[in-house]
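Structure first, commentary second.
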Amino acid sequence: SPYDEETGLRGFVQIVDDIIENNEEYGIKGVCFDTLDTMVDVATDEVLRQHKIEKGTVCKSLNDAFGGYGRGVERLVSLIFEQEARLRDAGLAIFYLCHTKNKEKIDLKTGEKYEQITNNLQSNIYTKIADAAQMVMVGLMERDITNGKIVDEQRKIYLRGTSEIDAGSRFPDDALPEKINLSAREFLDAFNEAVKMSMRKVG
Numbered sequence: 104s105p106y107d108e109e110t111g112l113r114g115f116v117q118i119v120d121d122i123i124e125n126n127e128e129y130g131i132k133g134v135c136f137d138t139l140d141t142m143v144d145v146a147t148d149e150v151l152r153q154h155k156i157e158k159g160t161v162c163k164s165l166n167d168a169f170g171g172y173g174r175g176v177e178r179l180v181s182l183i184f185e186q187e188a189r190l191r192d193a194g195l196a197i198f199y200l201c202h203t204k205n206k207e208k209i210d211l212k213t214g215e216k217y218e219q220i221t222n223n224l225q226s227n228i229y230t231k232i233a234d235a236a237q238m239v240m241v242g243l244m245e246r247d248i249t250n251g252k253i254v255d256e257q258r259k260i261y262l263r264g265t266s267e268i269d270a271g272s273r274f275p276d277d278a279l280p281e282k283i284n285l286s287a288r289e290f291l292d293a294f295n296e297a298v299k300m301s302m303r304k305v306g
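Counting in the working numbering, the sequence shown runs from 104 upward without gaps.
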């Protein structure tokens, strides 16, 4: 959204402008968005604003924008990717925090239904963003429950997907462990090993 003269609040694009133009002074190496859900809300408002300007009508939802048939979602994803590209071109890494939920999915081969922990956004939005990401990780609390009581719990980060967890990366399947403890050191070690393995396979 644009600059608001009444509140003095800058819009998202203006903040990106500031980071890019002044990063020699700031020294920022990466940008983390908290959360992807909020980013989608901001981009949705911008899609509706652009629709009003370009079409001269007010639409009630993203699905109605620009004549429907997914055009609103396409514009939303394009807006997000445009700002991502600007930040990446400026040498910044991008990281999204997301909310998760259990979603019912259907196995394409058998048609059977199952549940998987994944993002809580609409699938047609999340899939486009996740497919463009280098890594999708899922954090959760793993609990050992006996007779209704928690006897142990550990925070884990899934780096590879399972039938229950929607995670993955562009690394070869065997380059990363399925999960690690919630630890910056463990993540960096796993990531560095995956890069080395990938380099060996390419070389």
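Cβ atoms here follow ideal geometry from the backbone N, Cα and C, with glycine treated the same way.
Residue i and residue j closer than 8 angstroms at C-beta
i: residue 240; j: residue 260; result: yes
i: residue 200; j: residue 115; result: no
i: residue 129; j: residue 118; result: no
i: residue 183; j: residue 146; result: yes
i: residue 266; j: residue 238; result: no
i: residue 193; j: residue 126; result: yes
i: residue 231; j: residue 180; result: yes
i: residue 242; j: residue 285; result: yes
i: residue 144; j: residue 224; result: no
i: residue 211; j: residue 134; result: no
i: residue 202; j: residue 249; result: no
Sequence-distant residues of the same chain with beta carbon closer than 7 angstroms to residue i, five excluded per side
i: residue 162; result: 151, 154 and 168
i: residue 176; result: 165, 227 and 228
i: residue 280; result: 262 and 293
i: residue 282; result: 259, 260, 261 and 262
i: residue 301; result: 274, 275 and 278
i: residue 174; result: 168
i: residue 304; result: 275
Coarse secondary structure for residue i, derived from DSSP in three states
i: residue 148; result: helix
i: residue 247; result: strand
i: residue 120; result: helix
i: residue 260; result: strand
i: residue 228; result: helix
i: residue 141; result: helix
i: residue 215; result: coil
Contacting residues, own chain, Cβ-Cβ under 6 angstroms from residue i (five flanking each side not counted)
i: residue 216; result: 207 and 209
i: residue 108; result: Summary for residue 108: the model assigns pLDDT 48, below 50, so the residue's position carries little reliability; its value from the coordinates is reported in the next sentence. Contacts found: none.
i: residue 256; result: 244 and 246
i: residue 269; result: 219 and 221
i: residue 233; result: 239
Residues near residue i by beta carbon distance below 8 angstroms, same chain, minus five either side
i: residue 110; result: Annotation note: pLDDT 44 at residue 110 (below 50); position unreliable, coordinate value reported separately. Cβ neighbours of residue 110 beyond the five flanking positions: none.
i: residue 253; result: 246 and 247
i: residue 131; result: 122 and 195
According to DSSP, residues forming a beta bridge with residue i
i: residue 136; result: 199
i: residue 238; result: 272
i: residue 220; result: 205 and 268
i: residue 252; result: 249
Chain C contact for residue i (CB, 8 angstroms cutoff)
i: residue 249; result: Although the question refers to chain C, the structure presented lacks it and comprises just one protein chain.
Exercise. Counting only runs that start and end within the segment 275-302, where is the beta strand (DSSP E) found for 3 or more residues in a row?
Worked result: Segments of the beta strand (DSSP E) lying fully in the segment 275-302: 282-284.
Completely contained beta strand (DSSP E) runs for the segment 152-210, where each covers 3 or more residues: For the segment 152-210, the continuous beta strand (DSSP E) assignments of 3+ residues that do not extend past its boundaries occur at 196-200 and 203-209, in sequence order.
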